[in-house]
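What follows is a short report on a single structure.
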Amino acid sequence: MTIEVVLLGTGSPVPDRDRAGAATLVRAGGHTLLLDAGRGVCMRLAAAGVLPVMLDAVLLTHLHSDHICDLNDVLTTQWVMSAAPTPLRIFGPSRTAEVVAGMHAMLRPDVEFRLAHHADLTWEPQTEVVEVTTGTVLDDDGVRVVAAATDHRPVEPTLAYRVECDGRSVVLAGDTVPCAGLDELCRGADVYVQTVLRDDLVRQVAMPRFQDTIDYHSTVAQAAQTAARGGVRTLVLTHQVPTPAPGSAEEWIALAREHFDGEIVFGDDLVSISV
Ligand SMILES: [Zn+2]
Ligand SMILES: [Zn+2]
Numbered sequence: 001m002t003i004e005v006v007l008l009g010t011g012s013p014v015p016d017r018d019r020a021g022a023a024t025l026v027r028a029g030g031h032t033l034l035l036d037a038g039r040g041v042c043m044r045l046a047a048a049g050v051l052p053v054m055l056d057a058v059l060l061t062h063l064h065s066d067h068i069c070d071l072n073d074v075l076t077t078q079w080v081m082s083a084a085p086t087p088l089r090i091f092g093p094s095r096t097a098e099v100v101a102g103m104h105a106m107l108r109p110d111v112e113f114r115l116a117h118h119a120d121l122t123w124e125p126q127t128e129v130v131e132v133t134t135g136t137v138l139d140d141d142g143v144r145v146v147a148a149a150t151d152h153r154p155v156e157p158t159l160a161y162r163v164e165c166d167g168r169s170v171v172l173a174g175d176t177v178p179c180a181g182l183d184e185l186c187r188g189a190d191v192y193v194q195t196v197l198r199d200d201l202v203r204q205v206a207m208p209r210f211q212d213t214i215d216y217h218s219t220v221a222q223a224a225q226t227a228a229r230g231g232v233r234t235l236v237l238t239h240q241v242p243t244p245a246p247g248s249a250e251e252w253i254a255l256a257r258e259h260f261d262g263e264i265v266f267g268d269d270l271v272s273i274s275v
């Protein structure tokens with residue numbers, strides 16, 4: 001049984017015509033999992049052949065807006081396309097329930113309009129939020145999801161997830177610098193997906209707010225070092241900051257290659273990796 005990872009959105013907070021916001025799809029042993037729900041997530045899910053009603057769970061790495069800004073679209077679309085009341089399961093760090101409650105509040109007028117209009121839609125959007133810390137989050141039909149704490153301070157807490165199925169494993173990290181929790185999760189993994197930043201390029205941009213991003217993301221070199229320490233097979237670079245210039249993939253890969261001998265995948269939207 002393979003695990004398939006599809007990069008739904010590889011973009012950063014800066015809007016880009018070719019890169020949706022942070023989101024990754026994982027198909028493992030009949031389970032369909034969505035990691036983060038950034039800008040354009042439902043369009044990219046559709047492109048990958050998945051509708052929100054087909055999701056078994058949403059996993060959130062952290063509550064930065066670029067990772068959750070279209071979660072309300074996942075929720076609404078799941079609701080209006082559902083044949084029966086089905087809670088959307090959302091796993092995330094502490095305060096996820098607060099964010100989801102706010103989303104329900106924001107959607108209130110829409111919910112009232114649709115309930116008034118559709119006789120066969122008699123239930124409201126439903127969510128089942130589980131705030132997780134570390135350890136096993138899900139263990140279902142041979143698919144196990146394990147969470148670990150990462151370091152994206154002052155954003156706290158933040159999580160990375162490891163999905164295991166049939167002896168294969170994939171690690172999905174959000175924004176983080178290298179840390180013990182991530183190292184632990186990556187040990188012996190087949191695939192490690194990491195959001196990355198090029199500090200050499202960001203340092204050239206004289207904007208304090210942009211410079212601030214350097215201290216809480218993994219650089220390409222750091223992601224490669226984490227991959228090497230963990231002995232992973234494949235390193236996947238996603239959520240690249242700054243937005244990569246067209247044709248620059250090889251440059252990004254070369255920076256990682258200095259520290260990691262395994263396979264390196266430069267992420268574009270809808271690139272898929274199977275193990
Ligand atoms: Zn981010
Ligand atoms: Zn972030």
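Numbering (this note's numbering), first residue to last: 1 to 275. In this text, a Cβ means the ideal position worked out from N, Cα and C, and glycines have one as well.
As assigned by DSSP and simplified to three states, the class of residue i
{"i": "GLU184", "result": "helix"}
{"i": "SER65", "result": "helix"}
{"i": "ASP110", "result": "helix"}
{"i": "ALA47", "result": "helix"}
{"i": "ASP73", "result": "helix"}
{"i": "PRO13", "result": "coil"}
{"i": "CYS165", "result": "strand"}
{"i": "PRO52", "result": "helix"}
{"i": "VAL58", "result": "strand"}
{"i": "VAL137", "result": "strand"}
{"i": "VAL170", "result": "strand"}
Sub-8 Å separation of residue i and residue j beta-carbons
{"i": "THR10", "j": "LEU63", "result": "no"}
{"i": "VAL132", "j": "CYS186", "result": "no"}
{"i": "ALA37", "j": "LEU71", "result": "yes"}
{"i": "LEU45", "j": "LEU75", "result": "no"}
Residues near residue i by beta carbon distance below 6 Å, same chain, minus five either side
{"i": "TYR161", "result": "LEU59, VAL145, ALA147 and LEU172"}
{"i": "GLN164", "result": "Here residue 164 turns out to be Glu, not Gln, going by the sequence shown. Cβ neighbours of GLU164 beyond the five flanking positions: ARG144."}
Backbone CA spacing between residue i and residue j [nearest angstrom]
{"i": "LEU115", "j": "VAL130", "result": "27 Å"}
{"i": "GLN78", "j": "ALA206", "result": "42 Å"}
{"i": "ALA20", "j": "GLY49", "result": "16 Å"}
{"i": "ALA47", "j": "CYS69", "result": "19 Å"}
{"i": "VAL155", "j": "PRO93", "result": "11 Å"}
{"i": "HIS67", "j": "ALA22", "result": "5 Å"}
Own chain partners of residue i with C-beta closer than 7 Å, once the 5 adjacent residues on each side are dropped
{"i": "ASP200", "result": "none"}
{"i": "ALA223", "result": "GLN194, VAL196, LEU235, LEU237 and ALA256"}
{"i": "GLY262", "result": "ALA227, VAL232, ARG233, THR234 and LEU235"}
Original post:
Along the chain, which unbroken stretches of the beta strand (DSSP E) at least 3 residues long are found entirely within the region 187–268?
Top reply: If we require 3 residues or more, the beta strand (DSSP E) runs fully inside the region 187–268 come out as 191–197, 234–241 and 263–266.
Original post:
At what residue ranges does the region 83–131 contain a whole run of the beta strand (DSSP E), taking only runs of 3 or more?
Top reply: 88–92 and 127–131
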